[in-house]
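Numbering (our numbering), first residue to last: 328 to 563. Just so you know, even glycine gets a beta-carbon here, dropped at the ideal spot from N, CA and C.
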Amino acid sequence: MIRRLFVVLLLAVLGGLFLALQLGYVPDAQLNQTAAYYAEHGAGELGAANLVTAIIVTYRGLDTLGEVTVLFLATTIIGLVLATGRATISSESRRTQVSELLTTGSRLLAPPIMLLGVYVFINGHLTPGGGFQGGAILASSALLLLLAEPLRDFSHSLIATVEALSGSIYVLLGLFGLVFAGGFLDNRFLPLGTFGELFSAGAIPLIYSLIGLKVGAEFSSVLVHLSATDTTEEQP
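Here's what the structure looks like:
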């Protein structure tokens with residue numbers, strides 16, 4: 328009873344806070360100085376048709392680096408926690424009945440899903456999407472394969488190698504921008520190309536591709552660790 332009362336009070340307080348924010352919200356009549364600069368000069372300076380990409384990857388590239396770092400630390404902690412509590416179990420004890428439709432469907436759908444993820448982060452400078460979205464799509468294909476075949480063994484070393492290489496090259500490209508252009512992750516150390524084409528916006532397609540591979544590898548690592556953990560072990 329007390330727990331339910333606490334939940335109701337908590338929801339009431341949160342509802343009151345959100346209601347006050349909603350009633351007191353007044354939209355800005357015009358963009359602030361920073362946002363106005365991004366809107367007016369972003370496409371011309373960086374060659375990216377997607378203005379959100381221009382802001383996230385270059386102008387606020389250090390924020391993106393911090394987000395990727397936080398995701399890496401969370402993935403590492405999850406892997407360590409699950410590894411310490413993992414029990415060795417036989418294949419027979421882990422065997423589950425999986426629908427043949429799900430198994431066949433996963434084998435047919437996984438490659439197109441991966442291809443879609445690659446398309447999303449390669450074209451992130453042209454269309455809505457980017458590295459985080461494309462990486463999540465890549466990881467969803469791994470999730471589908473694990474749902475269809477719980478005993479499937481993914482190569483931990485391959486996932487770790489992809490994650491490490493993509494993260495290292497990402498930071499290296501950022502340093503290239505610092506040395507050969509105007510700042511860290513400045514995409515203009517490569518030619519901007521023709522606006523609106525695939526090979527444009529300087530190094531942004533490379534940067535987004537590396538972010539997509541890194542995010543996809545990190546999410547896949549979490550899924551693989553969860554799949555390998557014995558959740559059926561009896562509690563004492």
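| said: Taking its Cβ as the centre, do 16 or more other Cβ atoms sit within 10 Å of T391, making it buried, or is it exposed? | reply: buried
| In three-state terms, what does DSSP make of S527? | strand
| message | DSSP has G520 in a bridge; who is on the other side? | response | S527
| query | Buried or exposed: E545, going by 16 or more other Cβ atoms within 10 Å of its Cβ? | reply | buried
| By Cβ distance below 6 Å, which residues in the same chain neighbour Q460 in space, the five residues on each side in sequence not counted? | V447
| said: Quick check: the Cα distance between T403 and V335, rounded to an integer number of angstroms? | reply: 36 Å
| query | In this structure, does DSSP put H452 in helix, strand or coil? | reply | coil
| query | Quick one: complete alpha helix (DSSP H) runs, 4+ long, within the segment 459 to 518? | reply | 483 to 507
| message | Assuming G374 and S527 are in contact, meaning their beta carbons sit under 8 Å apart, how far apart are those beta carbons, in whole angstroms? | response | 5 Å
| Pairwise C-alpha distance: Y352 and V384 | 29 Å
| said: Please state whether the Cβ-Cβ distance between L358 and A366 is less than 8 Å. | reply: yes
| field | Rounded straight-line distance, which links the Cα of L407 to that of G504 | value | 34 Å
| query | Once you ignore the five residues that flank L550 on each side, which residues in its own chain have a CB closer than 8 Å to its CB? | reply | Excluding positions up to five away in sequence, the list reads A466, A469, L470, L473.
| In terms of residues, what are the limits of the alpha helix (DSSP H) holding I329? | 329 to 350
| said: Quick check on DSSP: helix, strand or coil for D390? | reply: helix
| field | Host alpha helix (DSSP H) of L373 (start-end) | value | 360 to 373
| Buried or exposed: where does P280 fall if 16 or more other Cβ atoms within 10 Å of its Cβ makes it buried? | The structure shown does not extend to residue 280, since the chain is modelled only from 328 to 563, so the question has no answer here.
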